[in-house]
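The structure appears right after this line, and notes come after that.
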Amino acid sequence: MKLFNCQNCGNLLFFENRFCDQCGMALGYLPHQATISALIITGDGSTDVYEAMGAANARVRLCENAGRDACNWLVDAEAAETYCAACRHNRIIPGLGNDHTVLLWQRLEIAKHRLFYSLIRLGIPLPNRIDDPAEGLVFDFLDPLPGGPKILTGHEDGVITINVQEADDAHREEMRHRMHETYRTLLGHFRHEVGHWIWDRLVRDQNRVGAFRSLFGDERADYAQALKRHYANGPAPDWQERTISAYATSHPWEDFAETWAHYLHIMDTLETASAFGLDVKPTVPHAEGLEVEIAIDPYAAISMDRIIDQWVPLVFAMNSLNRSMGLSDLYPFVISRLVREKLGFIHTMLHDQPGAA
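Next comes the structure, spelled out in structure tokens:
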């Protein structure tokens, strides 16, 4: 994630900021300029339409969900659409009749907007159900009712369902232990599930299935049976040599979705480290392999190898910092040779898109 500055006073800003702490200006995010903009009230005094200082004073409106403290993204003032480029993909949101549910939904939106930041930066076309009624990307945020059916987080034909309770920290941590996972976050859910949709759009629909199978395996294997075997028997002892997570061993589709999620983890975290000017320079002998100056825009980098070479030293430093605070490793995963190849497949696939940098 990038860092930003207020165009009015120069103050440092962050992605979720809605007001500048220094000058008090209202702020909004311009998704296609990838910047936070200070907002000037227009000459008629209207607080519905602003001039965006970050876009040559273009006339903009805040997304409809800004009124619920769930979004800080901007919409062209002349557009018929009242929802921003991220919120227009919502199909179902939970009932907002109590403060706790509102809080959970706001957390979901924070994670979803960070997902869309990356997808837009990567230049991925993002049709919704209006653009593509059959497989456009939409989100159903479903809150299970007492005695009602179980809500499973998952993807099917462009519909990503998220159990709203995943936004409750205690529930999510309980599920992490129950599922024997080392990592479970809201943002991780979004990144993983959208990976299934990405497979449909960029692998299946763009004639990359053969190359995919050579790395990930044959996706025609029975999916339900594969998951059943995985939950009954667990992963093979050598799974870390082949996949980024134990769950990725269950089926080639899950391997791709897990690898895709880690690709986004790496890209976003490296961009953040670069924005903060972080370098890793151990002060002990024989640590030359862990020295790195993180000065990279991973979204523009052609080589996945260069990205990984910057990522690994940062991981050692981040994990060590977490241990110093008595916390689990921030990134408890191993990037094997084969996983590196799979990440490279995704990176090349994205850079081969029409119009990609």
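Residues 1 to 357, numbered by UniProt numbering, are exactly what the sequence shown covers, in order.
Note that CB positions come from ideal geometry on N, CA and C, so glycine has one too.
Note that the C-beta distance between residue 36 and residue 51 is not below 8 Å.
Distance between residue 276 and residue 172, taken at the CA atoms: about 30 Å. Of 278, 282, 306 and 299, the smallest CA-CA separation from residue 293 is found for 278. The segment 176-186 and the segment 145-157 do not touch, with fewer than 3 CB-CB distances between them shorter than 8 Å. Bridge pairing for residue 37: 28 [DSSP]. Between residue 319 and residue 313, the alpha-carbon positions lie close to 10 Å from each other.
Taking each of 87, 49, 104 and 53 in turn and checking the Cα distance to residue 78, the smallest one comes out for 49. The three-state secondary structure of residue 50, taken from DSSP, is strand. Pairing residue 306 with residue 12, the inter-Cα distance amounts to about 29 Å. Comparing C-alpha distances from residue 115 to each of 249, 216 and 87 shows the shortest one belongs to 87. CA-CA distance, residue 95 to residue 291, rounds to 50 Å.
The Cβ-Cβ distance between residue 246 and residue 235 falls below 8 Å. Taking residue 330 as the centre and dropping the five residues before and after it, the same chain places the C-beta of 318, 319 and 322 closer than 7 Å to its C-beta, in chain order. Closest by C-alpha distance to residue 228, out of 251, 238 and 211, is 251. Within the segment 263-315, no beta strand (DSSP E) run of at least 3 residues lies entirely inside it.
In its chain, beyond the 5 residues on either side, 122 have a beta carbon closer than 6 Å to the beta carbon of residue 350.
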